[in-house]
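**Q** Here it is: the structure, laid out below.
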Amino acid sequence: MKYIVHKPYWDFEKEEAWLNEMSARGMALSDYSWCRYVFTDSPNSQYIYRIELLDNLPTHPESIAYLRFLEENGVECVASYMRWVYLRKNAADGPFDIYTDIDSKIKHYQRINLLWSTLMIVEFIVGGMNVAIGIINLSIGEHLGNFSYGNIGLGVSLLLFGLMFLLLGAPLRRKIKKLRQEKTIHE
11 MKYIVHKPYW
21 DFEKEEAWLN
31 EMSARGMALS
41 DYSWCRYVFT
51 DSPNSQYIYR
61 IELLDNLPTH
71 PESIAYLRFL
81 EENGVECVAS
91 YMRWVYLRKN
101 AADGPFDIYT
111 DIDSKIKHYQ
121 RINLLWSTLM
131 IVEFIVGGMN
141 VAIGIINLSI
151 GEHLGNFSYG
161 NIGLGVSLLL
171 FGLMFLLLGA
181 PLRRKIKKLR
191 QEKTIHE
């Protein structure tokens, strides 16, 4: 039987934990698209799930080779969304960690932080431009009806989205800093 769950996540580690909880309840992830999880009953098998942001799209030759390597080692790619891949391994086969060293963890967190930072910068630039256009039109007397106010409203909304992406990246930046300190101590 299929179960569809609509649930937004902004923290991939919390999403992983939730997927592993669902697996412990006998639910196996079978598909994913934005905020939409499809599960099937799987009472006789439990999986360990991991989520990874790839360097390239899953259709890129490097990603295909990497996913094939994982498959050869008992890891299944259940679903992908943009550059995100949802991986699982049978729990009976032992532990499943993608990143076992500090450098690879830092690199993965940096990829995710780059995504949030890029979105943040785009939102701030486009939002700031919209606010500026709206204010300039109002100040020079170019009353374009509601367009000037629309520009300002849209700009403020985009600036708020930029702030959201800034806040989403903050925990990642702290983790990166902590891992770098940990790496320095170990060296």
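Take 11 as the starting number for the sequence shown in our numbering and just add one per residue.
Cβ atoms here follow ideal geometry from the backbone N, Cα and C, with glycine treated the same way.
#1: When the Cα atoms are used, what is the spatial distance from Leu170 to Asn140?
#2: From Tyr13 to Ala89, what distance separates their C-alpha atoms?
#3: In the structure shown, what three-state DSSP assignment does Trp94 receive?
#4: To the nearest angstrom, report how far apart Tyr96 and Pro105 are at their CA atoms.
#5: Would you mind reading off the limits of the alpha helix (DSSP H) that contains Asp3?
#6: Using C-beta distances below 6 Å, list every residue in its chain close to Glu86, excluding the 5 sequence neighbours before and after it, in chain order.
#7: According to the Cβ coordinates, are Tyr59 and Asn83 closer than 9 Å?
#8: Work out the CA separation of Arg190 and Arg35 for me, nearest whole Å.
**A** So, from the data block:
#1: By one-based count along the sequence shown, residue 170 stands at place 160. By one-based count along the sequence shown, residue 140 stands at place 130. Cα to Cα, the separation comes out at about 13 Å.
#2: One-based indexing of the sequence shown puts residue 13 at position 3. One-based indexing of the sequence shown puts residue 89 at position 79. If you take the alpha carbons of Tyr13 and Ala89, they lie about 16 Å apart.
#3: Here residue 94 refers to the residue found at position 84 of the sequence shown. Of the three classes helix, strand and coil, the one that applies to Trp94 here is strand, per DSSP.
#4: The residue you call residue 96 lines up with position 86 of the sequence shown. The residue you call residue 105 lines up with position 95 of the sequence shown. The straight-line gap from Cα to Cα measures roughly 16 Å.
#5: In the structure as shown, the chain starts at 11 and stops at 197, and residue 3 therefore has no counterpart that could be examined.
#6: By one-based count along the sequence shown, residue 86 stands at place 76. Hits under 6 Å: Arg98.
#7: As a first step, residue 59 is located in the sequence shown; it is residue number 49 there, counting from the start. As a first step, residue 83 is located in the sequence shown; it is residue number 73 there, counting from the start. Taking 9 Å as the Cβ cut-off, Tyr59 and Asn83 do not qualify as a contacting pair.
#8: Along the sequence shown, one-based indexing puts residue 35 at 25. Along the sequence shown, one-based indexing puts residue 190 at 180. For Arg35 and Arg190, the distance between alpha carbons rounds to 36 Å.
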